[in-house]
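Protein chains: 2
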Amino acid sequence: MLFFTQCFGAVLDLIHLRFQHYKAKRVFSAAGQLVCVVNPTHSLKYVSNRHAVGQTSMEQGSLHSHHPLERVHDPQLIPCMCPLFSCQWEGHVEVVVSHLRQTHRINILHGAEIVFLATDMHLPAPTDWIIMHSCLGHHFLLVLRKQEKYEGHPQFFATMMLIGTPTQADNFTYRLELNRNQRHLKWEATPRSVLECVDSVISDGDCLVLNTSLAQLFSDNGSLAIGIAITASKVHAAEAEM
Amino acid sequence: MLFFTQCFGAVLDLIHLRFQHYKAKRVFSAAGQLVCVVNPTHSLKYVSNRHAVGQTSMEQGSLHSHHPLERVHDPQLIPCMCPLFSCQWEGHVEVVVSHLRQTHRINILHGAEIVFLATDMHLPAPTDWIIMHSCLGHHFLLVLRKQEKYEGHPQFFATMMLIGTPTQADNFTYRLELNRNQRHLKWEATPRSVLECVDSVISDGDCLVLNTSLAQLFSDNGSLAIGIAITASKVHAAEAEM
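First to last, the sequence lines map onto chains U and X.
Per my numbering, residue 162 is the first one in the first sequence, and the count goes up by one each step.
Per my numbering, residue 162 is the first one in the second sequence, and the count goes up by one each step.
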């Protein structure tokens with residue numbers, strides 16, 4: 162009888178251990194998603210001349226308009242300004258990535274799905290949180306900006322840009338997701354090209370926009386987690402199959 | 162030989178017809194979703210006293226706070242103000258629906274998933290688009306409001322409220338979806354109770370917020386289509402199973 166009781170106990174232990182193992186595995190999988198802690202970029206000075214140039218070029222073209230030089234040159238040799246507001250650098254599209262890494266120390270993350278964790282959300286506007294995201298054979302730039310479009314009322318703007326031409330950007334879809342406090346917000350769109358101006362995208366409001374109170378609801382201890390995913394759009398996927 | 166050719170032709174025809182049938186069925190399903198055209202509510206006058214009362218009561222309680230009278234009375238007999246800004250009516254929760262139908266001529270739609278089509282989005286702020294939505298044994302109120310939180314910059318705010326108590330509201334999740342021009346925006350949250358003030362929800366920004374340019378991108382010929390879905394949250398579903 163004691164033997165059977167011991168056997169039964171051992172079986173119960175095994176069941177318990179198996180349950181614990183699955184539980185641990187689940188937690189590990191959840192934690193397995195790449196989380197990147199992004200600190201705000203420092204000394205971001207807004208240069209009014211640069212802003213004016215960016216806006217004028219945007220006003221001339223429509224949304225997702227093709228860069229005037231795109232038709233003339235090899236896409237990698239198109240001249241391009243640094244997408245960061247504070248920087249006066251100009252060079253070819255093919256060297257923007259190394260410029261952003263070396264000069265601005267912006268990290269590159271690899272993988273189709275990542276979590277962008279922006280810290281110190283309380284810092285006054287203007288503040289930027291920026292990373293590069295490498296997937297599907299391209300580099301993308303995620304910009305989260307705290308800015309006062311209306312004086313005294315800072316808002317958060319998040320957008321993704323392809324480090325490439327508008328035609329290349331049209332082949333992708335990006336998704337930004339916020340999830341907390343029983344609220345869920347999802348924004349999906351075609352990325353814009355870095356040849357267009359980040360500031361114009363934000364001033365147009367054609368991006369994920371959060372007011373301060375909503376950003377607080379989605380934040381945890383002053384940090385905002387944004388889930389990011391990039392997929393090839395159907396046309397591009399169909400082309401790849403051909 | 163001719164016989165086999167004819168047979169082959171007949172098989173091809175059958176495949177073609179079957180494909181056409183599935184195609185037609187898919188279109189029918191898409192068109193089968195209930196679309197409700199919602200015109201703006203007229204003569205919406207903002208009463209400052211009423212606003213002040215609403216805001217004060219909201220400031221005293223936390224988000225999703227329980228109505229002070231909820232614990233004392235039968236939920237259906239809790240006194241409640243008309244959720245529309247312009248109206249001074251007060252009565253019990255159980256008669257709010259008939260008041261909204263009879264006095265404000267607000268339509269009731271039935272079904273778990275509907276499309277809310279707000280017309281004349283160009284009208285100046287403040288403007289409201291309102292419908293009632295009946296599903297899962299309850300009535301919900303969808304409010305889309307165009308309002309100038311910052312002077313000269315109208316924004317659109319969309320929220321869903323349960324015509325019931327905050328405790329009842331906690332059992333549901335609502336989803337609002339916008340989809341157009343290769344952009345997709347989704348907001349999911351727990352509905353608030355009509356015992357809380359619609360205006361406080363909107364002034365807190367704890368709802369779907371659209372700036373004018375984004376609303377234009379999602380609009381078609383001056384009308385904005387919002388997909389609405391309501392589901393019972395997990396706790397509620399588990400209770401129903403017990």
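From the three backbone atoms N, C-alpha and C, an ideal C-beta is built for every residue, glycine too.
This one's a predicted model, so the numbers in the text were calculated from it and none came from an experiment.
Under 7 Å from the C-beta of glycine 366/U: neighbouring residues of chain X = Asn372, Ser374 and Leu375
Beta-carbon separation of cysteine 368/U and threonine 320/U under 9 Å?
-> yes
Compare the C-alpha of arginine 115/U against each of Lys347/U, Ser374/U and Asp365/U and name the closest.
-> Missing from the structure shown is residue 115/U; chain U here goes from 162 to 403 and no further.
Give a yes or no on whether the minimum CB-CB distance between arginine 306/U and chain X is below 9 Å.
-> no
Anticipated Cβ contact below 8 Å, asparagine 342/U with leucine 378/U, distance rounded = 5 Å
Threonine 326/U versus Met282/U, Thr351/U, Gln316/U and Arg344/U, residue with shortest Cα-Cα distance = Thr351/U
Would a check of beta-carbon distances place threonine 288/U closer than 9 Å to chain X?
-> no
Residue range of the unbroken alpha helix (DSSP H) whose run includes arginine 262/X | 257-265
For glutamine 343/U and chain X, any beta-carbon pair shorter than 9 Å?
-> yes
Can at least three beta-carbon pairs, one atom from the region 303-322 of chain X and one from the region 275-290 of chain X, be found at a separation below 8 Å?
-> yes
Within 10 angstroms of its Cβ, does proline 240/U collect 16 or more other Cβ (buried), or is it exposed?
-> exposed
Starting from leucine 337/X, follow its DSSP beta bridges and name the residues at the other end.
-> Trp348/X and Ile389/X
Just curious, the beta strand (DSSP E) that alanine 279/X is in, first and last residue?
-> 274-279
Straight-line Cα distance separating tyrosine 335/U from leucine 323/U = 10 Å
Beta carbon proximity, glutamate 349/U to chain X, threshold 9 Å | yes
Assumed close pair aspartate 331/X, arginine 306/X - CB separation to whole angstroms, cut-off 8 Å | So it is not a contact: roughly 23 Å between Cβ atoms.
Would you list the one or two residues that DSSP bridges to phenylalanine 301/U?
-> His294/U and Leu323/U
C-alpha distance - glutamate 274/X paired with valine 257/X, whole-angstrom precision | 23 Å
When you compare only the Cα positions, how much space is there between histidine 299/U and serine 374/U?
-> 34 Å
Report the rounded CA-to-CA distance for isoleucine 387/X versus valine 198/X, giving the unit in angstroms.
-> 11 Å
DSSP puts phenylalanine 318/X in a beta bridge; with which residues?
-> Arg306/X and Val370/X
Among Val359/U, Ser295/U, Leu303/U and Leu371/U, which has the Cα closest to the Cα of arginine 344/U?
-> Leu371/U
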